[in-house]
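Novice:
Residue numbers (the working numbering), protein chains in the order written: chain A, 1 to 184; chain B, 1001 to 1603; chain C, 2001 to 2370; chain D, 3001 to 3192.
1) Using the Cα positions of residue 1030 of chain B and residue 143 of chain A, report the straight-line distance between them to the nearest angstrom.
2) Would you report the Cα separation of residue 1264 of chain B and residue 2154 of chain C, rounded to the nearest angstrom?
3) Which runs of the beta strand (DSSP E) spanning at least 3 residues fall entirely within the segment 3005-3093 of chain D, listed in chain order?
4) My output table needs one value for residue 232 of chain A: the three-state DSSP class, helix, strand or coil.
5) Look at residue 1364 of chain B and residue 1175 of chain B and say whether their C-beta atoms are less than 9 Å apart.
6) What does residue 1192 of chain B touch in chain D if you count any residue whose Cβ is under 9 Å from its own?
7) Determine which residues of the segment 2224-2256 of chain C have a Cβ less than 7 Å from any Cβ of chain D, and write them out in chain order.
8) Select from the segment 2085-2102 of chain C all residues with a C-beta closer than 7 Å to any C-beta belonging to chain B, and list them in chain order.
9) Bridge partners of residue 2037 of chain C, per DSSP?
10) Are the beta-carbon atoms belonging to residue 1426 of chain B and residue 1446 of chain B less than 9 Å from one another?
11) Just how far apart, CA to CA, sit residue 3001 of chain D and residue 2236 of chain C?
12) For residue 1491 of chain B, which of B:1321, B:1217, B:1475 and B:1506 has the nearest alpha-carbon?
13) Answer with yes or no whether the minimum CB distance from residue 164 of chain A to chain B is below 9 Å.
14) Could you name the residues of the same chain whose beta carbon sits closer than 7 Å to that of residue 87 of chain A, not counting the 5 residues immediately before and after it, in chain order?
15) Ends of the alpha helix (DSSP H) at residue 1198 of chain B?
16) Could you check the C-alpha separation between residue 2150 of chain C and residue 2164 of chain C for me, to the nearest Å?
17) Quick check on residue 1 of chain A: buried or exposed, where buried means 16 or more other Cβ atoms within 10 Å of its Cβ?
18) Helix, strand or coil: how does DSSP classify residue 171 of chain A here?
19) Going along the segment 2019-2044 of chain C in order, which residues come within less than 7 Å of chain A, judged by CB to CB distance?
20) List, in chain order, every chain C residue whose beta-carbon is nearer than 9 Å to that of residue 25 of chain A.
21) Quick check on the DSSP output: what are the complete beta strand (DSSP E) runs of length 3 or more inside the segment 1285-1373 of chain B, in order along the chain?
22) Would you mind telling me which residues of chain A sit closer than 7 Å to residue 2046 of chain C, beta carbon to beta carbon, in chain order?
23) Can you name the residues of chain C whose CB is closer than 8 Å to the CB of residue 3112 of chain D?
24) Please classify residue 2154 of chain C: does DSSP put it in a helix, a strand, or coil?
25) DSSP on residue 1049 of chain B, reduced to helix/strand/coil?
26) Could you spell out where the beta strand (DSSP E) holding residue 2060 of chain C opens and where it closes?
27) May I have the straight-line CA-CA distance separating residue 1484 of chain B from residue 1393 of chain B, to the nearest angstrom?
28) For my contact list, residue 78 of chain A and residue 31 of chain A are in at a C-beta cut-off of 8 Å; report their separation, rounded to the angstrom.
29) For residue 1080 of chain B and residue 1074 of chain B, I'd like the C-alpha separation in whole angstroms.
30) Under 9 Å, Cβ to Cβ, is there at least one residue of chain C near residue 29 of chain A?
31) How many Å lie between residue 3081 of chain D and residue 2077 of chain C at the Cα?
32) Is the number of C-beta pairs between the segment 2261-2275 of chain C and the segment 2283-2296 of chain C that are closer than 8 Å three or more?
33) Do you know offhand how far residue 1611 of chain B's Cα is from residue 1253 of chain B's?
34) Rounded C-beta distance between residue 1261 of chain B and residue 1211 of chain B? I'm assuming under 8 Å.
35) In chain C, which residues lie less than 7 Å from residue 1094 of chain B when you measure between Cβ atoms?
36) Taking a contact to mean a Cβ-Cβ separation below 9 Å, would you say residue 2042 of chain C touches residue 33 of chain A in this structure?
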């Protein structure tokens, strides 16, 4: 029996089943880090009803699958976001909302916001907009589902493997690094 | 409130009534609700219509727009060849870039979904990345009222047409200070105009200086590469304004009038000297002789003098200025204005020899031997003839001679009816001068009004002053009376025949349509040619000609390295600013020849 | 060893019950709060610094980001501040359109509040309805301004575009729909025994202290004070429309504040209808500004304020005569409500009521720290 | 609009009470009154306005950095709920030694404003309680709202922008290069 599940073919089938399950129950941790938080309620309420895709809110990081970075991140929040992200269980995904997460957006010259989200935590999908409309948010989720199904949303693995690099970037902007170690 | 209320439990249960209702959910992505008519989504740029002025990049406070070269877009006059590229990782979809676009090529579309796992994807070229965006354009600036740019020009105060014809007083009065500031503020500072200007003046800079209230700086910038700015400010053919970004959908910035405004801040030569205060290099011992004190010659004189050369200008007339002095009527360019600029040149060390005709009073050989370099800027002195019967009659003038005599102060009796043949600026000048001499004026032009090479504004002004413009008429004969004086001009009507090779339509005479116009004077303004009789035979193999124009290289140099040439004698455009550009080019050529490449780089 | 009497609880910054990205540090004794301390700064972007680098026109696009749930009072304030210093006239129609936008914004902000307030007591159905219905108002915004949330529509000199064709009819229709729906919400929220029990007597603000403590907007009106910038200092054409400022709910608790909002959303719908009736059909909507890069505002300062859904929103705009603002300082109602006031009134309350009290005060972190 | 009777009356009362301790009194417009005083007098003025004249509501405390004139300008904005007048009381604080009196015993919410100013401008308010860090965390540069703090430079030093945009060209320079135009140094400040 064990041998049967260890060979490559069955692993593949198992992965497909796993990914199917994962993609259809995306519990989001809506950490309202920025403006984008305002489009989350419309997305998950009756008009756009994201629950059709198994998307619904989770109260704590430990229960969540997807971390939504809804816009700009101030340095102070980044510290908390890293905490929240590291608390989340594998597999976990990150979505970056809006311009701010890509290249600084309209706060590109602000002294208190980070400019590229993917330097600090791995991002699986970016949604363009300022703010992204609910439709765009759903399109982002659909994309994320595709990536999960294809087994390409592997930011969490990347983070584990390149923890050094991420830590370096994180500690460059967070001057007072008093955080518990990342422990899985 | 009681401890138990039944309504508090039953009323919320009414929510159950919604069960049977159809949900209002938009089942995106299975069904779509199109975005609104003016939704601000992703950008679209009409690449062919865009002129690459970069105004969108300038207004964007997120620095989201880069101007980059695009394959297939060739830079040309009025088009920088660059196109906007949007960094969607910066854009905030405010739409200011659309509202400041002077051409209306940039717009936002209804398309807004752009999802990607790769953050590098979000750089894109609107119009190239989304060619199908054209049908989805939503936030646009087709209504000029909502565009941030001001498309209406400040109105230039002018003399009333009825007053104008009474004297040779200057017609254009010039901007008041607040008008100039407002007009200068309209400028988008893109710099497309500098390419169209033959002299590549620093147009955005001096206009900005006016907008900021720094008139002195403005004048200094203007004098950086134009020694006759007041002349240009009054009579320039202003090809810069044709390519102005605002001209695509509105009136161009009044570049000429703003230059005029800046130059008029200095009331006399001393003030110009004080304001401009150019650094004058110590004498370097080199000498340059200039033939002809027209715009080209004056430019060479001025800038070489600043660089420490000994420059002497030979002029056969008694005044400097060349065509700007003798060819342009005084109501456009008053004598005092020109004198002021010449006076300033004398102050920086340019030497003049007036009433000295080369080839008569002094031989070309002598000049050639005496100086380290020679610049020929003799211009076009002779007029083309009409080539019709009776044109030697008394009362037939060539415009250039006519204008010259008038500008020398002579009051010519033109009778009461003048026919001016031609459609260029000189023809207009001759017509308007004739009006001021008290005659009724008819302009006779071979083609249609829209084909006239003259400035549109000039044509309007002439008409306002009462000049009648008769088009599609070809003169065939001057009819004289017994004393050999002009009595009438006979012309045939013409019809416009399209050119089979795609050129502009040609006028073809209509058989039997001869008509006579009764008149006392006929003025021919159909073109000019040069007179090179001063140039001895032995130079002819070095100073080559092509259809009456001297051939020069990129430095203004003829095949004889010592001889430079410029102005109307070289270029076919024949206006003041091109002559100045030629002069400036020759300045660089002469510096390069006499001081070497290195000196060219120092300014 | 001293026996520890209280426990410290960090509510936020990531917490579903908090109204945004902020944190309240609570010292609790059992379930009762003995000390509360608000921590903000998680959303600080330094707007006021950024605006020093942007010219007067560019700054207008950034101000709406200051308050996410209700951006329009910011645009209005900024535009009016600039106009006041420069002395720029605003066309009549533009001022009516501004009022329309402000009132629609108020309606959508209250609808959002319905969702938040009811969710804070565990009633999720109302949120599903009201936030779903709020989309119809946002659709109107989308049609009018081109943006759903960030409108960037009111700018110095007027508004950016004229009303689209047939827009008025659609506004009437949406207003009728929402008015009808409000009764549904009433049955679910205000008639609901749970909400009544939970909200009454909670989050009491002493009325005699309210003004001194800097309370504004619905919380102040819930103390029985007639205070509204729209009547105290009428801007645009608020002196030409009729509306009632509720000063008859006097209990000054979460319940009274909820009733005030319930009353005001109906007033807002009423004002929208009046505005549409009184708005001239034709006319310019923008007094054109000069080239933005060369647009200088004379030296001066202005304090302008607008009544937002959460209370007095003030802008202190200072110009030093250049083409960049010297300083634009924002006074958001939540700045006072969310920090000093919240810290005061949380004492003695139950932990489970914190979220409800915060919602009723309208704390909004992005506006507190800009 | 309305006459400025109330506003002028207020100025009269203040003038009589404080004489030359307040200056620059002016009615800016309907419902707006400006006046200026010194840091020594500010508490007295504010207390008088609040307790005696009924300016009970403190709308705002703002601070403007006039770096050229070497001063911070504190602006206290008060509101009278019945008379409906905003009074803007301005005080200049020396920029090199920025100390202003703490007024959070007059209005509790002043505490937040003052803490913000302490953090953003570095103005000290003796006796002000509360955490040092209100908004920022671990900030070790100049107080960010000061005019001499260059936010772009700070960003350049601490953050990075995404690469791939280096090929951007300046339209003016591109054209000048193509035509061989030499823009003189002194003119460049007028280029865009």
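Even for Gly, the Cβ is constructed at its ideal location relative to N, Cα and C.
Specialist: Walking through what the data contain:
1) Here the question's residue 1030 of chain B lines up with position 30 in the second chain. Here the question's residue 143 of chain A lines up with position 143 in the first chain. If you take the alpha carbons of residue 1030 of chain B and residue 143 of chain A, they lie about 14 Å apart.
2) One-based indexing of the second chain puts residue 1264 of chain B at position 264. One-based indexing of the third chain puts residue 2154 of chain C at position 154. Between residue 1264 of chain B and residue 2154 of chain C, the C-alpha separation is close to 41 Å.
3) 3023-3029, 3032-3037, 3057-3066 and 3071-3079
4) This structure cannot settle anything about residue 232 of chain A, because the visible part of chain A is limited to 1 through 184.
5) As a position in the second chain, residue 1364 of chain B is number 364, starting the count at 1. As a position in the second chain, residue 1175 of chain B is number 175, starting the count at 1. Their beta carbons are not under 9 Å apart, which means residue 1364 of chain B does not touch residue 1175 of chain B by this criterion.
6) Translated into positions along the second chain, residue 1192 of chain B becomes position 192. Within chain D, the residues near residue 1192 of chain B are 3171 and 3175.
7) 2227, 2232 and 2233
8) none
9) Along the third chain, one-based indexing puts residue 2037 of chain C at 37. Answer is C:2025.
10) Taking the second chain and counting its residues from 1, one reaches residue 1426 of chain B at position 426. Taking the second chain and counting its residues from 1, one reaches residue 1446 of chain B at position 446. Not in contact: residue 1426 of chain B and residue 1446 of chain B (Cβ atoms no closer than 9 Å).
11) Here residue 3001 of chain D refers to the residue found at position 1 when the fourth chain is read from its first residue. Here residue 2236 of chain C refers to the residue found at position 236 when the third chain is read from its first residue. The predicted position of residue 3001 of chain D is uncertain, since its pLDDT is 48 and thus under 50; no value can be drawn from it.
12) Translated into positions along the second chain, residue 1491 of chain B becomes position 491. The option with the nearest alpha carbon to residue 1491 of chain B is B:1475.
13) Position 164 of the first chain holds residue 164 of chain A. No - not a single Cβ of chain B is within 9 Å of the one on residue 164 of chain A.
14) Along the first chain, read from residue 1 onward, the residue named residue 87 of chain A stands at position 87. For residue 87 of chain A, where only same-chain residues beyond five positions count, the Cβ hits under 7 Å are 61 and 62.
15) Translated into the one-based positions of the second chain, residue 1198 of chain B becomes position 198. From DSSP, residue 1198 of chain B is part of no alpha helix (DSSP H); its letter is neither H nor E.
16) As a first step, residue 2150 of chain C must be located in the third chain, where it is residue number 150. As a first step, residue 2164 of chain C must be located in the third chain, where it is residue number 164. Going from the Cα of residue 2150 of chain C to the Cα of residue 2164 of chain C covers about 18 Å.
17) Mapped onto the first chain, residue 1 of chain A falls at position 1. Here the model assigns residue 1 of chain A a pLDDT of 48, short of 50, so the residue's position is not dependable and the matter cannot be decided.
18) Here residue 171 of chain A refers to the residue found at position 171 when the first chain is read from its first residue. Three-state DSSP puts residue 171 of chain A in a helix.
19) 2020, 2021, 2041, 2042, 2043 and 2044
20) Here residue 25 of chain A refers to the residue found at position 25 when the first chain is read from its first residue. Chain C residues near residue 25 of chain A: none, gap ~18 Å exceeds 9 Å.
21) 1287-1291, 1310-1314 and 1351-1353
22) The residue labelled residue 2046 of chain C in the question sits at position 46 within the third chain. Here the neighbours are 110, 111 and 112.
23) By 1-based counting over the fourth chain, the position of residue 3112 of chain D is 112. Per Cβ cutoff of 8 Å: 2335, 2336, 2339 and 2340.
24) The residue given as residue 2154 of chain C occupies position 154 in the third chain. Note: residue 2154 of chain C maps to strand in three-state DSSP.
25) Looking up residue 1049 of chain B in the second chain gives position 49. In the structure shown, residue 1049 of chain B sits in coil (DSSP, three-state: anything other than H, G, I, E or B).
26) Against the third chain, residue 2060 of chain C aligns to sequence position 60. Here residue 2060 of chain C belongs to no beta strand (DSSP E); instead the alpha helix (DSSP H) covers 2058-2063.
27) The count along the second chain starts at 1 and reaches residue 1484 of chain B at position 484. The count along the second chain starts at 1 and reaches residue 1393 of chain B at position 393. Cα to Cα, residue 1484 of chain B sits roughly 6 Å from residue 1393 of chain B.
28) Counted from its first residue, the first chain places residue 78 of chain A at position 78. Counted from its first residue, the first chain places residue 31 of chain A at position 31. Not confirmed; about 11 Å, so no contact.
29) Numbered from 1 along the second chain, position 80 holds the residue referred to as residue 1080 of chain B. Numbered from 1 along the second chain, position 74 holds the residue referred to as residue 1074 of chain B. Computed Cα separation, rounded: 8 Å.
30) Locating residue 29 of chain A in the first chain gives position 29, where the first residue counts as 1. Residue 29 of chain A counts as touching chain C.
31) Within the fourth chain, numbered from 1, the residue matching residue 3081 of chain D stands at position 81. Within the third chain, numbered from 1, the residue matching residue 2077 of chain C stands at position 77. Each residue's Cα considered, the two are about 20 Å apart.
32) no
33) Given that chain B is displayed from residue 1001 to residue 1603, the structure contains no residue 1611 of chain B and the question cannot be resolved.
34) Along the second chain, read from residue 1 onward, the residue named residue 1261 of chain B stands at position 261. Along the second chain, read from residue 1 onward, the residue named residue 1211 of chain B stands at position 211. Rounded, the Cβ-Cβ distance is 11 Å, inconsistent with contact.
35) The count along the second chain starts at 1 and reaches residue 1094 of chain B at position 94. 2061 and 2152, listed in chain order.
36) What you label residue 2042 of chain C is simply residue 42 of the third chain in a count that begins at 1. What you label residue 33 of chain A is simply residue 33 of the first chain in a count that begins at 1. Yes, the pair counts as a contact, with Cβ atoms nearer than the cut-off.
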